[in-house]
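Please read the structure below before turning to the comments.
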Amino acid sequence: MHPPAPELLDWYDRHRRSLPWRGERDPYRIWLSEVMLQQTTVAAVGPRYARFLARFPDVAALAAAPWEAVAAEWAGLGYYARARNLHAAARAVAARGGFPDTESGLRALPGIGAYTSAAVAAIAFDRPTVPVDGNVERVAARLFDIRDPLPAARSRLASLARAFMEQPAARARPGDFAQALFDLGATICTPRRPACALCPWRGHCAAQAAGVQDSLPVKAPKPVRGLRQGMHFLLRDGGGRLLLRHRPPQGLLGGMPEIPGTPWREGEAWSEAEALPHAPPLAAEWRLLPGVARHGFTHLELEMRLLSARLAASPPAPEGFFWLAEEEARRALPSAMGRLLALESLAAAITAPASAPIAAPLAGGAPAVALRAVPARGRPRGAAGTGLPKRRTKS
DNA sequence: GACTCGTGGTT
DNA sequence: TAACCAAGAGT
């Protein structure tokens with residue numbers, strides 16, 4: 001038996017979150033928010049949503065923009081296939097003169113899957129459908145005490161969630177009902193320690209009745225992440241611009257600018273001699289910087305070393321490369337590449353005479369700053385993060 | 001169904 | 001600090 005929709009909608013009318021896209025009905029804006037929110041937190045999306053709309057106010061503006069502008073605007077948000085598909089879908093929508101107003105019509109656009117098509121259809125077009133995201137899966141798993149592990153249980157949970165649309169109260173407000181489920185999952189029915197005492201559906205929840213709400217939904221264990229190695233080449237010209245290139249359009253960081261480097265391989269770290277054949281075709285005196293930049297992706301961990309050089313002159317970029325001013329590059333590069341610029345700053349701090357006091361070798365031979373300043377996933381990593389011997393504080 | 005595909009915040 | 005997590009989609 002499904003809990004009553006009016007109780008959730010009443011709760012939503014009193015307690016809904018205030019969000020930048022809340023109350024919006026323009027399909028372009030709803031669509032943009034939904035794509036940005038795919039696997040991305042509300043906190044991360046907030047400022048980027050406003051910034052994106054300021055740059056591309058409507059679907060025509062986005063369709064008319066070059067890919068490089070869209071990529072630069074998306075830099076740092078991750079899952080860059082979203083940006084590629086967003087751009088392609090905008091051009092398709094502009095060509096057909098507007099957004100499809102049905103779930104199946106939306107579903108045919110690139111980057112719009114089962115969830116996003118349902119969300120846009122419900123919120124922008126009042127279609128009676130239930131978008132099933134991670135929140136809704138969790139809420140359904142608890143309401144109906146579904147103990148089958150995800151992702152296998154996904155279709156069953158989706159069927160249960162969609163059945164809410166059999167209730168007239170939900171059909172009357174599909175967009176609000178969907179967002180009410182999101183808010184319930186985000187603020188009450190949270191992944192850990194759900195606030196059941198505040199839940200409008202307490203008394204209708206099978207998991208709470210059984211006392212198992214904290215352990216649902218069950219999830220299948222994740223595979224271990226492999227470790228890959230890369231060597232990159234940071235080259236500045238006489239004006240301080242950086243030599244970059246674009247990654248292949250598909251795959252990891254597809255279509256995004258990068259600091260040129262070797263392939264990312266499993267196994268041994270690259271030596272300087274081994275990496276040099278992969279250097280950009282400009283004569284330069286490469287210098288291997290101390291330390292390692294680490295970056296975690298969803299399914300692999302990456303260790304990057306860095307060779308750097310600076311040219312006296314400013315020659316034209318070789319075929320397949322381009323020069324970009326440093327400030328612009330810092331904005332346009334994905335975060336993984338930003339790690340390399342951070343590593344360079346760290347290396348400068350270590351080697352610069354001015355920083356001699358903090359760069360003085362310690363007992364273990366490692367400069368103290370190196371142990372603190374190379375981030376991996378935003379945090380210091382000690383020897384694992386720097387590639388330098390770890391300071392031994394005892395014996 | 002199993003993989004691939006980012007990043008930053010939280011715990 | 002390492003694991004977990006987030007308004008998933010494409011292949």
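Taking full-length UniProt numbering, I'd label the letters of the first sequence as residues 1 to 395.
Here a beta-carbon is modelled for each residue, glycine too, at the ideal position from N, C-alpha and C.
Just so we're clear, the structure is a prediction, and the values are computed from it rather than from any experiment.
Exposure of Glu285, with buried meaning 16 or more beta-carbon neighbours within 10 Å: Position 285 of the first sequence, counted from the first residue, corresponds to residue 285. By the neighbour-count rule (16 or more Cβ atoms within 10 Å), Glu285 is not buried but exposed.
Cβ pair count under 8 Å reaching 3, the segment 265-274 against the segment 313-331: no
Beta bridge counterpart(s) of Ser308 as assigned by DSSP: Locating residue 308 in the first sequence gives position 308, where the first residue counts as 1. According to DSSP, which records beta bridges pairwise, Ser308 is partnered with Leu234 and Arg287.
Euclidean distance between Cα positions of Asp26 and Ala207: Along the first sequence, read from residue 1 onward, the residue named residue 26 stands at position 26. Along the first sequence, read from residue 1 onward, the residue named residue 207 stands at position 207. Going from the Cα of Asp26 to the Cα of Ala207 covers about 37 Å.
Sequence-distant residues of its chain with Cβ nearer than 8 Å to Ala279 (five each side left out): On the first sequence, position 279 is the one that residue 279 refers to. Cβ neighbours of Ala279 beyond the five flanking positions: Phe233, Pro260, Trp286 and Leu307.
Own chain residues within Cβ distance below 6 Å of Arg91, not counting five before or after: Numbered from 1 along the first sequence, position 91 holds the residue referred to as residue 91. Ala63, listed in sequence order.
Start-to-end residues for the beta strand (DSSP E) that takes in Gly296: As a working note, residue 296 is residue 296 in the first sequence. Residues Ala293 to Gly296.
Assigned secondary structure, Phe182 (DSSP; H/G/I helix, E/B strand, else coil): Locating residue 182 in the first sequence gives position 182, counting from the first residue. Note: Phe182 maps to helix in three-state DSSP.
His2 versus His299, Gly76, Arg305 and Ala141, residue with shortest Cα-Cα distance: Start at 1 with the first residue of the first sequence, and residue 2 comes out as number 2. It is Ala141.
Start-to-end residues for the beta strand (DSSP E) that takes in His299: The residue you call residue 299 lines up with position 299 of the first sequence. Careful: His299 lies outside any beta strand (DSSP E) and carries neither H nor E.
Buried or exposed (CB count within 10 angstroms, at least 16 for buried), Pro361: Within the first sequence, residue 361 is the residue found at index 361, counting from 1. Unreliable positioning characterises Pro361 in this predicted model, as indicated by a pLDDT of 30, which lies under 50. A coordinate reading is not provided.
Nearest neighbour of Val42, chosen from Val59, Asp183 and Pro149 [CA to CA]: One-based indexing of the first sequence puts residue 42 at position 42. Per the Cα distances, Asp183.
CB of Ala186 within 8 Å of CB of Phe177, strictly: Taking the first sequence and counting its residues from 1, the one referred to as residue 186 is at position 186. Taking the first sequence and counting its residues from 1, the one referred to as residue 177 is at position 177. No, they are not a contact pair.
Leu324 beta carbon less than 8 Å from that of Leu235: As a working note, residue 235 is residue 235 in the first sequence. As a working note, residue 324 is residue 324 in the first sequence. Contact flag unset, no.
Gln229 vs Gly267 beta-carbon contact at 8 Å: Here residue 229 corresponds to residue number 229 of the first sequence, with the count starting at 1. Here residue 267 corresponds to residue number 267 of the first sequence, with the count starting at 1. Yes, they are a contact pair.
Closest residue to Gly239 among Gly226, Pro217, Glu326 and Pro200 (Cα-Cα distance): Translated into the one-based positions of the first sequence, residue 239 becomes position 239. If we check each option's Cα against that of Gly239, Glu326 comes out closest.
Own chain residues within Cβ distance below 7 Å of Val139, not counting five before or after: Locating residue 139 in the first sequence gives position 139, where the first residue counts as 1. Closer than 7 Å at Cβ, skipping near neighbours: Leu181, Leu184, Gly185 and Cys189.
Inter-residue Cα distance where the pair is Arg17 and Trp11: In the first sequence, the residue the question calls residue 17 occupies position 17. In the first sequence, the residue the question calls residue 11 occupies position 11. Whole-angstrom Cα-Cα distance: 11 Å.
Length of the line joining the Cα atoms of Leu302 and Ala293: The count along the first sequence starts at 1 and reaches residue 302 at position 302. The count along the first sequence starts at 1 and reaches residue 293 at position 293. Straight-line Cα distance between these residues: approximately 8 Å.
From Val70, Trp201, Ala71 and Gln179, residue whose alpha carbon lies closest to that of Ile30: The residue you call residue 30 lines up with position 30 of the first sequence. When each option's Cα is compared against that of Ile30, the closest is Gln179.
Sub-8 Å separation of Val35 and Arg107 beta-carbons: Start at 1 with the first residue of the first sequence, and residue 35 comes out as number 35. Start at 1 with the first residue of the first sequence, and residue 107 comes out as number 107. Their beta carbons are not under 8 Å apart, which means Val35 does not touch Arg107 by this criterion.
Same chain, Cβ closer than 7 Å to Leu9, five either side skipped, listed in chain order: Working through the first sequence from its first residue, we reach residue 9 at position 9. If we look at Leu9 and ignore the five residues flanking it on each side, its Cβ neighbours are Ala169, Arg173, Asp176, Phe177 and Ala180.
Where the alpha helix (DSSP H) containing Leu252 begins and where it ends: Residue numbering aside, residue 252 sits at position 252 when the first sequence is read from its first letter. No alpha helix (DSSP H) contains Leu252, which DSSP labels as neither H nor E.
Nearest-angstrom Cα separation, counted from Ser335 out to Pro329: The residue given as residue 329 occupies position 329 in the first sequence. The residue given as residue 335 occupies position 335 in the first sequence. Looking at the sequence shown, residue 329 is not Pro but Ala. Cα to Cα, the separation comes out at about 11 Å.
Whole-angstrom distance between Pro277 and residue 423, CA atom to CA atom: Residue numbering for the chain in the displayed model covers 1 to 395; residue 423 lies beyond these limits and cannot be assessed.
Buried or exposed by the 16-neighbour rule on C-beta atoms within 10 Å, applied to His87: Along the first sequence, one-based indexing puts residue 87 at 87. Buried is the call here.
Reduced DSSP category for Trp270 - H, G, I as helix; E, B as strand; rest coil: Here residue 270 refers to the residue found at position 270 of the first sequence. Three-state result, Trp270: coil.
Separation of Leu343 from Tyr115, as counted between CA atoms: As a first step, residue 115 is located in the first sequence; it is residue number 115 there, counting from the start. As a first step, residue 343 is located in the first sequence; it is residue number 343 there, counting from the start. The straight-line gap from Cα to Cα measures roughly 39 Å.
When Asp145, Asp237, Pro110 and Ala161 are compared against Ser215, the one with the closest alpha-carbon: By one-based count along the first sequence, residue 215 stands at place 215. Comparing Cα-Cα distances from Ser215 to each of Asp145, Asp237, Pro110 and Ala161, the minimum goes to Asp145.
With 16 other Cβ atoms within 10 Å as the buried cut-off, status of Asp13: Within the first sequence, the letter at position 13 stands for residue 13. Asp13 comes out exposed.
Val224 classed as buried or exposed, judged by whether at least 16 other C-beta atoms fall within 10 angstroms: Start at 1 with the first residue of the first sequence, and residue 224 comes out as number 224. Its Cβ having fewer than 16 others within 10 Å, Val224 is exposed.
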